[in-house]
Amino acid sequence: MPERPTDEAPGGAVTGSGSVPCRVVVCRDCCCGSPKVTGVDHAAQTARLRAEVPVRISDCLDVCEVANVIVVQPSTAGRAAGARPVWLGLVNDADATEDIVAWVRAGGPGVAPLPDILDLYAITPPRRATDS
Numbered sequence: 011m012p013e014r015p016t017d018e019a020p021g022g023a024v025t026g027s028g029s030v031p032c033r034v035v036v037c038r039d040c041c042c043g044s045p046k047v048t049g050v051d052h053a054a055q056t057a058r059l060r061a062e063v064p065v066r067i068s069d070c071l072d073v074c075e076v077a078n079v080i081v082v083q084p085s086t087a088g089r090a091a092g093a094r095p096v097w098l099g100l101v102n103d104a105d106a107t108e109d110i111v112a113w114v115r116a117g118g119p120g121v122a123p124l125p126d127i128l129d130l131y132a133i134t135p136p137r138r139a140t141d142s
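So in the numbering used here, the last one in the sequence shown is 142, and the numbering has no gaps at all.
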């Protein structure tokens, strides 16, 4: 299912120089962000991210078994350095959210190294069906 962002923080807008900042995509659909993942204040997690970094909300990203899922997308500079989006799963505690905020503020993929603690959350993105 393609990503269908429903919101973006003002900081996520393209700047006059044509560069795009590092941002996060937060899955909030059938499992992520729902009561199925217990013990997490999903609204507070989303609000915390939005308070600090550009955020897009997505429908299901098809990795429900590792809910809550957050994808950190590289900035223009990060992409120029060869970075690809970093998928993080089981992001179910405030400390992990804070680690993501700090990494994105430092520049994210391709600009700042992935913190060792976030490496523990890294997941392989699902393979998408392609037309043959």
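We treat Cβ as the ideally placed atom computed from N, Cα and C, and that holds for glycine.
Legend entry - Contact under 7 angstroms by Cβ, leucine 71 with cysteine 37: yes
Inset, instruction - Could you tell me the distance, in whole angstroms, from the CA atom of valine 34 to the CA atom of valine 82? - result: 4 angstroms
Legend entry - Contacting residues, own chain, Cβ-Cβ under 7 angstroms from proline 125 (five flanking each side not counted): Asp109, Trp113
Inset, instruction - Measure the Cβ-Cβ separation of isoleucine 133 and glycine 99 and say whether it is below 7 angstroms. - result: yes
Legend entry - serine 85 to alanine 104 span [Cα, whole Å]: 24 angstroms
Legend entry - Sheet register partners of cysteine 37 (DSSP bridge): Ser68
Legend entry - Spatially closest choice to glutamine 55 from Val101, Gly118, Pro136, by CA coordinates: Val101
Legend entry - tryptophan 97 - partner residues in DSSP beta bridges: Val81, Ile133
Inset, instruction - Run the CB neighbour count on isoleucine 67, radius 10 Å, all protein chains shown included, and call it buried at 16 or more, exposed below. - result: With 16 or more other Cβ atoms within 10 Å, it is buried.
Legend entry - Through-space distance from serine 29 to valine 63, alpha-carbon basis: 15 angstroms
Legend entry - Close-in-space but distant-in-sequence residues of the same chain around tryptophan 97 (CB under 6 angstroms, 5 per side omitted): Val81, Ile133, Pro135
Legend entry - Nearest-angstrom beta carbon gap, glycine 118 and cysteine 40 [assumed within contact, 8 angstroms]: In fact, because the Cβ distance is near 27 angstroms, the residues do not count as touching under 8 angstroms.
Legend entry - Whether alanine 77 touches glycine 120 by CB criterion (7 angstroms): no
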